[in-house]
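Here is the structure we will look at, set down as structure tokens.
Numbering (this note's numbering), first residue to last: 233 to 679.
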């Protein structure tokens, strides 16, 4: 690869060449210097300093000594300069006292530190404190023993230490606990800026809200402006392509439905004094709409299982009305059964729930009357039960003789049957095979 003969191609540390130096005849690498070592034992073969040249260490020592000499020279020069400046200031102090104040001011200004920082002149390093000493610590806001808990390990106080102050809102306090999130002022805008900075950073832009707040704010402003322009362009392109701009300029639907030309005047109690109250539609479908010249609706006439129009007895829904001519040749129509008029003075129709409740009351009365009769005459009940059992036996025998199977009966074969009576239910329970009963195998099937 590189042309050296001290190692093979697989052990070469250079970049693989397209054409090796052996064939190209260019850029031959020098051979490595392999020290000739005597026969080494186990530890000698694994010694990391074997073959190390000590002269390289001497070069490091020489370089270090030169650096130390340069440092000493610079230090001596700085001391001489300081001594010269001090002598000049002492000579001027007798003549001009104002200059002395300026010099002292500058002298103490160099030693002053920024709030929250500590600069060590000897070590030449700045130490950042955890908080500014001018601020009040969290655990010193409220010294009550029952106040908010302060966790010294995480340095967090989640609850509000001043929650006993009912006249002050949490947003008005300087510190209301770490669980309180401010939502007033510019907090929402800062949150949007932070979210924008994170998204831009994920997409490869060099934006940081804390390091470069002005840059982040300008980029966010430009981004929001372009976003609004893009949305308006998209909406305009859709309107230009498909139309319908008049629907966008129309007033809202709530305003259209709420305004009418009918005048209605109400009293203080809410009753209508003048005008007519708005009628609430009964359903979402149109009612009492007469089509094709008919004077009645479809479904007002019924004959031989078909519905039609009462005015002309036509059963086709899309048929035109021909008047009394069709009624003369038609048979006597079967009109839809009229609802019975209520007996009392109140003209209203009963709902399905009311009808069902009345029916259930009658059923309960009949059941109660039947239980009373059974208690008074238990022999009649036993006779009815015996008769039902005999009917079941005869029915099962007939099915066995005919080869009928309960599982193969048709879908509507029991449509005529009504609900089972109490005797039939009790008979079925008596004949029911209980698999959990251990004595069911030793009993007769018909007992």
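The C-beta atom is built at its ideal place from N, Cα and C for all residues, glycine as well.
C-alpha gap between residue i and residue j, whole angstroms
i, j, result
"residue 493", "residue 508", "12 Å"
"residue 472", "residue 463", "14 Å"
"residue 524", "residue 517", "19 Å"
"residue 447", "residue 425", "11 Å"
"residue 505", "residue 511", "16 Å"
"residue 283", "residue 301", "32 Å"
"residue 659", "residue 613", "12 Å"
"residue 305", "residue 299", "10 Å"
"residue 546", "residue 655", "50 Å"
"residue 324", "residue 308", "25 Å"
"residue 269", "residue 281", "13 Å"
"residue 379", "residue 411", "15 Å"
"residue 235", "residue 267", "20 Å"
"residue 278", "residue 438", "50 Å"
"residue 383", "residue 367", "19 Å"
"residue 288", "residue 296", "13 Å"
"residue 578", "residue 550", "Residue confidence for residue 578 is low, a pLDDT of 42 falling below 50, so the modelled location carries little weight; the figure read from the coordinates is stated next. Residue 578 and residue 550: Cα-Cα distance of roughly 39 Å."
"residue 256", "residue 263", "18 Å"
"residue 465", "residue 417", "32 Å"
"residue 535", "residue 542", "10 Å"
"residue 642", "residue 606", "37 Å"
"residue 610", "residue 602", "11 Å"
"residue 584", "residue 604", "30 Å"
"residue 671", "residue 597", "39 Å"
"residue 453", "residue 433", "16 Å"
"residue 250", "residue 258", "12 Å"
"residue 320", "residue 285", "55 Å"
Distance between beta carbons of residue j and residue i, contact taken as under 8 Å
i, j, result
"residue 409", "residue 391", "5 Å"
"residue 407", "residue 373", "6 Å"
"residue 663", "residue 617", "The Cβ separation is near 12 Å, so there is no contact."
Spatially closest choice to residue i from the options, by CA coordinates
i, options, result
"residue 430", "451, 417, 413 and 416", "451"
"residue 544", "657, 537 and 527", "527"
"residue 599", "653, 273, 588 and 633", "653"
"residue 247", "255, 549, 261 and 480", "261"
"residue 387", "422, 371, 312 and 375", "371"
"residue 419", "394, 403 and 661", "403"
"residue 449", "376, 478, 320 and 423", "423"
Beta-bridge partners of residue i, as assigned by DSSP
i, result
"residue 498", "504"
"residue 540", "533"
"residue 388", "383"
Status (buried if at least 16 other CB within 10 Å, exposed otherwise) for residue i
i, result
"residue 498", "exposed"
"residue 540", "buried"
"residue 399", "exposed"
"residue 233", "buried"
"residue 592", "exposed"
"residue 265", "exposed"
"residue 522", "exposed"
"residue 274", "exposed"
"residue 587", "exposed"
"residue 389", "buried"
"residue 530", "buried"
"residue 620", "buried"
"residue 484", "exposed"
"residue 445", "exposed"
"residue 632", "exposed"
"residue 311", "exposed"
"residue 292", "exposed"
"residue 441", "buried"
Residue i at chain D interface by Cβ criterion, 8 Å
i, result
"residue 314", "Given the protein chain composition of this structure (a single chain), no chain D is represented."
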